[in-house]
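Participant: Got a structure here, written out as C-alpha cells. Questions coming.
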Amino acid sequence: MELHEALYTTRAMRRVKPDPIPFDVQARILDAAVRAPSGGNSQSWRFLLVDDPGVKGRLGPLYREAVDALWKTLYAPRVAAAEADPDSAQSRSFVRVRRSSQWLADHFEQVPLFMFGFARHDPTGGSIFPAVWNAMLAARAEGVGSALTAVLGIAHRDAVFEVLGVPADQGWHMACCVSFGYPTGKWGVAPRTSAHEVAYRNGWGEPVGFEVAAPLWPADGAAYVPGSVEGGAR
Ligand SMILES: Cc1cc2nc3c(=O)[nH]c(=O)nc-3n(C[C@H](O)[C@H](O)[C@H](O)COP(=O)(O)O)c2cc1C
Numbered sequence: 189m190e191l192h193e194a195l196y197t198t199r200a201m202r203r204v205k206p207d208p209i210p211f212d213v214q215a216r217i218l219d220a221a222v223r224a225p226s227g228g229n230s231q232s233w234r235f236l237l238v239d240d241p242g243v244k245g246r247l248g249p250l251y252r253e254a255v256d257a258l259w260k261t262l263y264a265p266r267v268a269a270a271e272a273d274p275d276s277a278q279s280r281s282f283v284r285v286r287r288s289s290q291w292l293a294d295h296f297e298q299v300p301l302f303m304f305g306f307a308r309h310d311p312t313g314g315s316i317f318p319a320v321w322n323a324m325l326a327a328r329a330e331g332v333g334s335a336l337t338a339v340l341g342i343a344h345r346d347a348v349f350e351v352l353g354v355p356a357d358q359g360w361h362m363a364c365c366v367s368f369g370y371p372t373g374k375w376g377v378a379p380r381t382s383a384h385e386v387a388y389r390n391g392w393g394e395p396v397g398f399e400v401a402a403p404l405w406p407a408d409g410a411a412y413v414p415g416s417v418e419g420g421a422r
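Residues in the sequence shown are numbered consecutively from 189, following the working numbering.
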C-alpha cells in the first residue's frame, strides 16, 4: 500500500467482523510495531495480544462499564449538548463517535483481536505510541481495521493487570488497548481541522505561512476510492 493512503485513511475502525486474523498477518503487524522509535531506543514495551474468548469474556464487562462511566462523567457535557442541539455539525459528529464507541463496547467479545500496550516507567506513553501507531498503519496495509482505546486502562487498570497477569510491581503502565478486525464499513480520509488552523511559525499564534483548504491527498483533490490510489501526495 502507498504510504499516504495508510496515513490518510487509518481511521478508528471499531465495527469489525468476527473473522480471525491469521497469525502471519499478526506477525507482520507486530514486526512493524517494534520498528518504531522509543526514547534512548529503550524499547521498554510489551504487546499483549488477546484472542481467547475466556479472557475477552472477563474484559468485556469491564470495558462496557468504563464506557458507560465515560458518557456519564467526562463526556456528559457533550452528551447534553448533542441532545439539546442534535442538528449541529458538532453534535452529529459526536453522536457518530458515540455510536461507534458504543458498538465496540457492546460487541467487545466478538472482536477477533486486541493488542494491549504496556510501557515501562513511561506514564505518558510517549515511548510506545509510535509503535502502536506503526501497528495500526501496518494493519491498515493488511486491510485490517483498528481502534486505539484508553478507557479501560483509565477506569480499570488494576482489574486488567489481574486478568492479564501483568506484574504489578515492575513499573509497567497500560498505555492502550487496540482492537483489530476486518472492517464491516469502508475506508475513508479522516476529516480534521485544517493544518494551518492548528499550526504556527516562530511564535505562538503566528501564521504558519500556508493554507490547506482540503486534504492534499489523494492528489488534485480527487475523491478517495479504496484500492484505486497510486502515487503520493501532491
Ligand atoms: C489517546 C487516545 C485514546 C482513545 N481512547 C478511545 C477509547 O477509549 N474508546 C474509543 O472508542 N476510542 C478511543 N480513541 C479513538 C478516538 O475516538 C478516535 O481516534 C477519534 O474519534 C478519531 O476517529 P477517526 O479517525 O475515525 O476520525 C482514542 C484515541 C486516542 C488517540
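Glycine included, C-beta positions come from ideal geometry on N, C-alpha and C. Model, not experiment: these values are computed from the prediction.
To the nearest angstrom, how far is the alpha carbon of A257 from that of D273?
Facilitator: Position 69 of the sequence shown holds residue 257. Position 85 of the sequence shown holds residue 273. If I take the Cα positions, the gap works out to 22 Å.
Participant: Distance, Cα to Cα, M303 vs Y370?
Facilitator: Position 115 of the sequence shown holds residue 303. Position 182 of the sequence shown holds residue 370. If you take the alpha carbons of M303 and Y370, they lie about 15 Å apart.
Participant: So what's A410 in DSSP terms, helix, strand or just coil?
Facilitator: As a first step, residue 410 must be located in the sequence shown, where it is residue number 222. Residue state, collapsed to three classes: coil.
Participant: Unbroken beta strand (DSSP E) runs of length 3 or more, entirely within the segment 194 to 251: which are they?
Facilitator: You should have 233 to 238.
Participant: Just curious, the beta strand (DSSP E) that V366 is in, first and last residue?
Facilitator: Mapped onto the sequence shown, residue 366 falls at position 178. Note, V366: beta strand (DSSP E), 360 to 369.
Participant: Using DSSP with H/G/I as helix, E/B as strand and the rest coil, what is G393?
Facilitator: Position 205 of the sequence shown holds residue 393. Three-state result, G393: coil.
Participant: Compute the Euclidean distance between the alpha carbons of S306 and A378, then round it to the nearest angstrom.
Facilitator: Here residue 306 corresponds to residue number 118 of the sequence shown, with the count starting at 1. Here residue 378 corresponds to residue number 190 of the sequence shown, with the count starting at 1. It is worth fixing the name first, because residue 306 is Phe in this sequence and not Ser. Spanning the two alpha carbons is a distance of roughly 27 Å.
Participant: Going by DSSP, what residue range makes up the alpha helix (DSSP H) through L325?
Facilitator: Counting from 1 along the sequence shown, the entry for residue 325 is found at position 137. That run of the alpha helix (DSSP H) goes 317 to 329.
Participant: Just verifying my parser: in three-state terms, what is the DSSP assignment at G333?
Facilitator: Position 145 of the sequence shown, counting from 1, holds the residue named residue 333. If DSSP states are grouped into helix, strand and coil, G333 belongs with the strands.
Participant: Check whether the Cβ of V339 sits closer than 7 Å to any heavy atom of ligand 2, and report yes or no.
Facilitator: In the structure on display, ligand 2 does not appear, and the ligands it does have are ligand 1.
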